[in-house]
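Enquirer: In this note's numbering, the protein residues as written are -4 to 685. C-beta atoms are modelled at their ideal positions from N, C-alpha and C, and glycine is treated no differently. Just so it is clear, the structure is predicted and the values come from calculations on it, not from any experiment.
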């Protein structure tokens, strides 16, 4: 009698920088109960991939987990799968970093489990064809990709069995197609139904079918803990698997030994189907969904679905400009580190670089991802630490000026560095893209720009459902009260040191909705540079028939900078302004966006008192602004010529696994220079301690 051989695997991951209570919750509700149950069913073989971020935490806090897993590996029940150690999207990092991270995980598996790693988990199944060569070079033989990839290559559903061979430059790699049917049914259907589906794959000869998916669906996703453990779904499913005579579980290595390759296949760039939807911009996604719905309504979807695909993963970098800067900043630092051959034995510098490549902050889908400030903060933390180690190795001078088009927008950025701070200035508007405190490893300007997302229409339409045990892709987004009032979209990038022309009667609410604000942030300023032993001076000038002023930035050895504006009283004009208007008709605005982590810990120091900045506030005729962050224990101090100030917290509205939510992103400060002034000076400094 022929059998269905079931290759069952799970992938577990928590990102670098995630909160400790999230690690603990995931462990208690998912990772530990899952492996504890598998221990009780020795006949059920499975494969497991844990990210290095998770292994690091488990080794430090949960040694019992490692003991169980070692036992299961030793008795041949579990096969541990390799991957990039800190769970990077492989195509987003350099080949040197790909190989380095994979070798790090390979060595971990050999050391901890006394087991030879044979295959790799491809993060988020983001596939590009050349990866076959890279993975092969790391001594690995196989990976797992969705049946979606195979559909895009022209294969039909009846061909999604066994495993296939691909290659790049003659370097082979085996690929197991992951069944989407099983992904959506396990653990979301009744245990017997899942078994029936597996039996439905039976053929005249033995057949191999694969499920390798997120382990978090077994207890951490909404409503799944009760379903999987309290109602004993997993226990029942494992019991049925262990008792079945028609289904036999198998590890990847055993599958390769038992079965021959089904054939050669070349897969296009792809990820799982949902990722192709998430990367699309809202209007394009709307058209994509309209086409799918049209075909479904006309009963033609099944016929044509293989020819309908979404976008390309790398376009998250074009969708979110601040994400693009962070990514290109990482690549720039990676190039500098990898070209220094003397660093190869310095594990600390590479570990920090590789931690900054953890994937979660580089995209956004059903989870928070890029919209989670603490995840972005962790990326910058490790970038800064890696850069500190690099500069120490190369004996960086006290003051450094570099020019590089980091974000590839066609204009070179100016990077100013001293022992305390790294600042990155754009030629567009002389804006400040980054201000990183080196000692604290904090980028103060780790900001986002509010923009429309496809799911925002669901908030406006107040769509709800009561499905209790849905897949994560169907989980209903429960609105917070009045969440739709936070759906505000920015017309310009929320950077710092942004220049604006402002209506004289501008209110805080106007500013929040960007009414009566005419930004100069897209205007390319002329730039000249000057330096001596003590300071670097950037002279920006904005000169045309309509607009004429100078912006001088002074950067020295302090933990900050000074800026001076000199206004020419000839007519000033920005996009959206009548050219007949002059500066006398408008106030001048200078905007900062500070990514301080928690509104509960941010205060304005005023005459010995601490005033919370958790709501919009306005201040008249001020000369100093001191912001205290009790959480990070830093003080930020602005000193300036007389100006009015608006301060307000800025929120985004994004989707998460538990529902729609508003997420605090940054504190926005606007300095308003009244139109009678022809000069304005401002200094910015930071220091540790309260």
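What residue from 402, 478, 558 has the CA that sits closest to residue 648's CA?
Expert: For the residues 402, 478, 558, the minimum Cα distance to residue 648 belongs to 478.
Enquirer: Which same chain residues, not among the five before or five after residue 583, have their C-beta less than 6 Å away from its C-beta?
Expert: Closer than 6 Å at the Cβ level, and outside the excluded window around residue 583, lie 668.
Enquirer: So residue 260 and residue 150 are in contact, right, with Cβ under 8 Å, and what is the actual spacing, rounded?
Expert: About 7 Å; that satisfies the 8 Å criterion.
Enquirer: Using a threshold of 8 Å, state whether the C-beta atoms of residue 118 and residue 167 are closer than that.
Expert: Not a contact, by the Cβ cut-off of 8 Å.
Enquirer: Should residue 105 go down as buried or exposed, given a rule of 16 or more other Cβ atoms within 10 Å for buried?
Expert: Residue 105 should be labelled exposed.
Enquirer: Where do the N-terminal and C-terminal ends of the alpha helix (DSSP H) with residue 234 fall, by residue?
Expert: Looking at the DSSP string, the run of the alpha helix (DSSP H) that includes residue 234 is 228 to 238.
Enquirer: Tell whether a beta-carbon distance below 8 Å holds between residue 193 and residue 242.
Expert: Yes, Cβ-Cβ distance for residue 193 and residue 242 is below 8 Å.
Enquirer: If you compare alpha carbons, which of 593, 360, 146 is closest to residue 650?
Expert: Of the candidates 593, 360, 146, the one whose C-alpha sits nearest the C-alpha of residue 650 is 360.
Enquirer: For the alpha helix (DSSP H) holding residue 417, just list the boundary residues, first then last.
Expert: Not the alpha helix (DSSP H): residue 417 falls in the beta strand (DSSP E), residues 416 to 420.
Enquirer: Return the CA-CA distance between residue 92 and residue 432, expressed in angstroms with no decimal places.
Expert: Approximately 25 Å between the Cα atoms of the pair.
Enquirer: Short check: CB of residue 100 to CB of residue 79, under 8 Å?
Expert: Yes, Cβ-Cβ distance for residue 100 and residue 79 is below 8 Å.
Enquirer: I'd like to check one pair, residue 592 with residue 372: are the Cβ atoms closer than 8 Å?
Expert: Taking 8 Å as the Cβ cut-off, residue 372 and residue 592 qualify as a contacting pair.
Enquirer: Distance, Cα to Cα, residue 326 vs residue 47?
Expert: Taking the straight line joining both Cα atoms gives about 21 Å.
Enquirer: Confirm, please, whether the CB-CB distance from residue 533 to residue 522 is below 8 Å.
Expert: Taking 8 Å as the Cβ cut-off, residue 522 and residue 533 qualify as a contacting pair.
Enquirer: If I measure Cβ to Cβ from residue 60 and keep anything under 8 Å in the same chain, skipping five residues before and after, which residues do I get?
Expert: Closer than 8 Å at the Cβ level, and outside the excluded window around residue 60, lie 22, 26, 27, 30, 53.
Enquirer: Would you give the residue range spanned by the alpha helix (DSSP H) that residue 48 belongs to?
Expert: Counting along the chain, the alpha helix (DSSP H) containing residue 48 begins and ends at 47 to 56.
Enquirer: What does residue 447 pair with, by DSSP beta-bridge criteria?
Expert: Paired residues: none, contrary to the question.
Enquirer: What residue ranges within the segment 79 to 167 form continuous alpha helix (DSSP H) runs of no fewer than 4 residues, ordered along the chain?
Expert: Runs found: 90 to 108, 126 to 132, 142 to 147.
Enquirer: Quick one: using the 10 Å Cβ neighbour count with 16 as the cut-off for buried, is residue 263 buried or exposed?
Expert: With fewer than 16 Cβ atoms within 10 Å of its Cβ, residue 263 is classed as exposed.
Enquirer: For residue 429, which residues does DSSP report across the bridge?
Expert: The partner list for residue 429 (beta bridge, DSSP) reads 419.
Enquirer: In whole angstroms, what is the alpha-carbon distance linking residue 111 and residue 70?
Expert: For residue 111 and residue 70, the distance between alpha carbons rounds to 14 Å.
Enquirer: Per DSSP, what kind of secondary structure is residue 13 in: helix, strand or coil?
Expert: Note: residue 13 maps to coil in three-state DSSP.
Enquirer: Which full runs of the beta strand (DSSP E) of 3+ residues lie inside the segment 184 to 212, going along the chain?
Expert: For the segment 184 to 212, whole beta strand (DSSP E) runs of length 3 or above, ordered along the chain, are 202 to 209.
Enquirer: If we count the other Cβ atoms within 10 Å of its Cβ and call it buried at 16 or more, is residue 329 buried or exposed?
Expert: Answer is buried; the Cβ neighbour count reaches 16.
Enquirer: Decide if residue 645 is buried, meaning its Cβ has at least 16 other Cβ atoms within 10 Å, or exposed.
Expert: Classification for residue 645: buried.
Enquirer: So residue 446 and residue 485 are supposed to be a Cβ contact under 8 Å. How far apart are they, rounded?
Expert: Correct: roughly 7 Å between the Cβ atoms.
Enquirer: So residue 2 is in the alpha helix (DSSP H); what residue range does that whole segment cover?
Expert: Note, residue 2: premise wrong, no alpha helix (DSSP H); beta strand (DSSP E) at -1 to 7.
Enquirer: By the DSSP assignment, the beta strand (DSSP E) with residue 660 in it spans what residues?
Expert: Residues 654 to 668.
Enquirer: Go through its chain and collect everything with a Cβ distance to residue 604's Cβ below 6 Å, but skip five positions before and after it.
Expert: Around residue 604: no qualifying Cβ.
Enquirer: What residue from 152, 587, 199, 216 has the CA that sits closest to residue 300's CA?
Expert: Of the listed residues, the one whose Cα sits closest to residue 300 is 152.
Enquirer: Can you check DSSP and say which residues form a bridge with residue 397?
Expert: Looking at the DSSP assignment, residue 397 forms a beta bridge with 410.
Enquirer: Give the C-beta separation of residue 691 and residue 549 to the nearest angstrom, bearing in mind that I take them to be a contact with Cβ-Cβ under 8 Å.
Expert: A query on residue 691 cannot be resolved here, the shown segment of the chain reaching from -4 to 685 and no further.
Enquirer: If we count the other Cβ atoms within 10 Å of its Cβ and call it buried at 16 or more, is residue 11 buried or exposed?
Expert: Buried: at least 16 other Cβ atoms inside 10 Å.
Enquirer: I believe residue 413 touches residue 552 by the beta-carbon criterion, under 8 Å. Please report the beta-carbon distance rounded to the nearest angstrom.
Expert: Confirmed, Cβ separation roughly 5 Å.
Enquirer: Comparing alpha-carbon positions, which option in 656, 561, 298, 321 lies nearest residue 482?
Expert: Cα-wise, what sits closest to residue 482 is 656.
Enquirer: Between the beta-carbon of residue 614 and the beta-carbon of residue 499, is there less than 8 Å?
Expert: Going by C-beta atoms, residue 614 is not nearer than 8 Å to residue 499.
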